[in-house]
Amino acid sequence: MKLELGTFEVADVVISDKSELAGGTLYVDVRKIRELVLEDSNFRGVEVHLARPGESTRIVNVLDVVEPRHKIAGPGRVFPGLLGPPTMVGSGRTHRLSGVTVIETSESLDGEPNFWRDSMLDMSGPGAEYNLFADKLNLVLEFEPKTEFSDEELERLALTNLNRGSAWVEHYHRSVRIAGLKVAEHLAECTRDLEPDRLDTYELGPVDPELPRVAYSCQVLFHLLYGEFLGSLPALVHPNELMDGALVNTHNTVASTRDATHVLQNHPVVRELYDLHGKELDFVGVLVYQGQIKSQDDKEQSTDHALTALQMMAVDGIVMTWTGAGNPGIDVMLLCQKCEQQGIKTTIINTEMGLTPEDTGFVHFVPEADAIVNAGNYEETVTLPAVEEVIGGPKLMEPDLDAAGPLEVPLRYLHGSTNVMGASRLAGVRY
Numbered sequence: 365m366k367l368e369l370g371t372f373e374v375a376d377v378v379i380s381d382k383s384e385l386a387g388g389t390l391y392v393d394v395r396k397i398r399e400l401v402l403e404d405s406n407f408r409g410v411e412v413h414l415a416r417p418g419e420s421t422r423i424v425n426v427l428d429v430v431e432p433r434h435k436i437a438g439p440g441r442v443f444p445g446l447l448g449p450p451t452m453v454g455s456g457r458t459h460r461l462s463g464v465t466v467i468e469t470s471e472s473l474d475g476e477p478n479f480w481r482d483s484m485l486d487m488s489g490p491g492a493e494y495n496l497f498a499d500k501l502n503l504v505l506e507f508e509p510k511t512e513f514s515d516e517e518l519e520r521l522a523l524t525n526l527n528r529g530s531a532w533v534e535h536y537h538r539s540v541r542i543a544g545l546k547v548a549e550h551l552a553e554c555t556r557d558l559e560p561d562r563l564d565t566y567e568l569g570p571v572d573p574e575l576p577r578v579a580y581s582c583q584v585l586f587h588l589l590y591g592e593f594l595g596s597l598p599a600l601v602h603p604n605e606l607m608d609g610a611l612v613n614t615h616n617t618v619a620s621t622r623d624a625t626h627v628l629q630n631h632p633v634v635r636e637l638y639d640l641h642g643k644e645l646d647f648v649g650v651l652v653y654q655g656q657i658k659s660q661d662d663k664e665q666s667t668d669h670a671l672t673a674l675q676m677m678a679v680d681g682i683v684m685t686w687t688g689a690g691n692p693g694i695d696v697m698l699l700c701q702k703c704e705q706q707g708i709k710t711t712i713i714n715t716e717m718g719l720t721p722e723d724t725g726f727v728h729f730v731p732e733a734d735a736i737v738n739a740g741n742y743e744e745t746v747t748l749p750a751v752e753e754v755i756g757g758p759k760l761m762e763p764d765l766d767a768a769g770p771l772e773v774p775l776r777y778l779h780g781s782t783n784v785m786g787a788s789r790l791a792g793v794r795y
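Below, the structure written as structure tokens:
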């Protein structure tokens, strides 16, 4: 499987009556963007904002961040299963716009669980130091849901899932994701007949059989793989599939650990393993599995299946990441223990959640977990100054604070600030 990724550097974004890329400037047709969004009757309206680096701007109620991509050649379409049939992607040629993002925001709905729902991005000040997208030109879509429902739709407003909300909430959030992906694809479509600034090729060629076989174990939480949630069974995918939009983020808890779709498209762990392929290791693939939250039996079953898949891949070691908070942290330790007991070496990238220095930072720990990379403690607090502009809503939900600030909040409010996939601005320092 061979994927060519063509990069176009974007230095500026200008609102225009036509979407095109010229001389490093992306011209954006806002009217067309509104048309694309409002094709879905779940929206009553959408506001389009532009947040630039260094501006006194705070974006709240952030749901996802997407990099504009467009499929130029090869099977499938970007974000398969959501924008088109679930055709396998990861080969051919895809164009990407670097330096610009599409950010999805929407206030919380009735019937939506609000624990850890707060998620913000600051474009300047101390908050920007934690914001992976503070140096990018961010096109922010502020969605407004419809408020009138048919009798049949009213039945779907009842809360049926404590983690994902009512059936209407799940349906609406899927619409938000699809709308953001449609806009991202539309923006990159203007590059179809252009030559990229850089062309990178990703292909897992044959290597020295003496090199250790290493896989990446990617635990997800309510993500969509080819448009569908994973159950208890893991999925073995080629790393190119992730880089070509097969995996989309949809979970809305613990903002600091959210792996935005933008991160999945440019996955740091996948890229690092690619760089080491054929030199220090044999990168054999990616195992995607769902973190289980219902029962211990589900956790045991899911990690057993994951272990079996890794054994059938004949791996010598794995790099492990996880998404979310308490429950997923238990699952990753269970899989670590089972792998180590079967002779598979593990390295975990982990987020701490300790309130005091005396806390271990783990919700669960096993003695076999002896190689851990610390991605930060999301309970540490940060002081954020007042800002001139707020996009996405007037208040934070949990403490009911004015979103304009000033604020003193834990890092878990800051989107992606302790991301375990290597896509954060934090680094370890030895004193």
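In this note's numbering, the protein residues as written are 365 to 795. All C-beta atoms in this analysis are idealised placements derived from N, C-alpha and C, irrespective of residue type, glycine included.
Residue 491 counts as buried, since no fewer than 16 other beta carbons sit within 10 angstroms of its beta carbon. Going by C-alpha positions, residue 420 is about 19 Å away from residue 468. In this structure, residue 463 lies near residue 374, with their beta-carbon atoms less than 7 Å apart. The beta-carbon separation of residue 369 and residue 554, rounded to 17 Å, does not stay under the 8 Å limit for a contact.
Per DSSP, the continuous alpha helix (DSSP H) segment holding residue 700 begins and ends at 690-705. In this structure, residue 777 sits near residue 484, with a CB-CB distance shorter than 7 Å.
Straight-line spacing of the CA atoms in residue 450 and residue 749 works out to 45 Å. Proximity of the segment 596-608 to the segment 668-677 meets the contact definition, three or more beta-carbon pairs being nearer than 8 Å.
Secondary structure at residue 760: coil, using DSSP grouped into helix, strand and coil. The beta carbon of residue 666 sits closer than 7 Å to the beta carbons of 596, 653, 654, 656 and 695 from its chain, once the five residues preceding and following it are set aside; these are given in chain order.
Residue pairing by DSSP places residue 795 opposite no residue, since no beta bridge is assigned to it.
Inside the segment 519-590, DSSP marks whole alpha helix (DSSP H) runs of 4 or more residues at positions 531-553, from first to last along the chain. The DSSP-derived three-state label of residue 620 is helix.
Residue pairing for residue 774: DSSP places it in a beta bridge opposite 745. If you check the CB distance, residue 604 and residue 367 come in under 7 Å. Following the DSSP letters along the chain, one finds residue 625 in no beta strand (DSSP E) but inside the alpha helix (DSSP H) bounded by residues 625-629. Scanning the segment 484-512 for uninterrupted beta strand (DSSP E) segments of 3 residues or longer gives 484-486 and 501-509, listed from N- to C-terminal end. With respect to the 7 Å criterion, residue 770 and residue 745 are not classified as neighbours on the basis of their beta carbons.
A buried status is given to residue 616, since no fewer than 16 other beta-carbon atoms sit within 10 Å of its beta-carbon.
By the C-beta density criterion, residue 478 is exposed, having fewer than 16 other C-beta atoms within 10 angstroms.
DSSP, reduced to helix, strand and coil, places residue 654 within a strand of the structure shown.
Residues 577 of the same chain have their beta carbon placed closer than 7 Å to that of residue 678, with the five preceding and five following residues left out of the count. Taking 8 Å as the upper bound for CB-CB distance, residue 794 and residue 493 are not in contact here, some 20 Å apart. With contacts defined as CB atoms closer than 7 Å, residue 430 and residue 444 fail to qualify as a contacting pair. Straight-line measurement puts the Cα of residue 425 at about 8 Å from the Cα of residue 481. Counting the other CB atoms within 10 Å of its CB gives residue 540 a total of 16 or more, which places it among the buried residues. Straight through space, the alpha carbons of residue 582 and residue 624 are spaced by roughly 14 Å.
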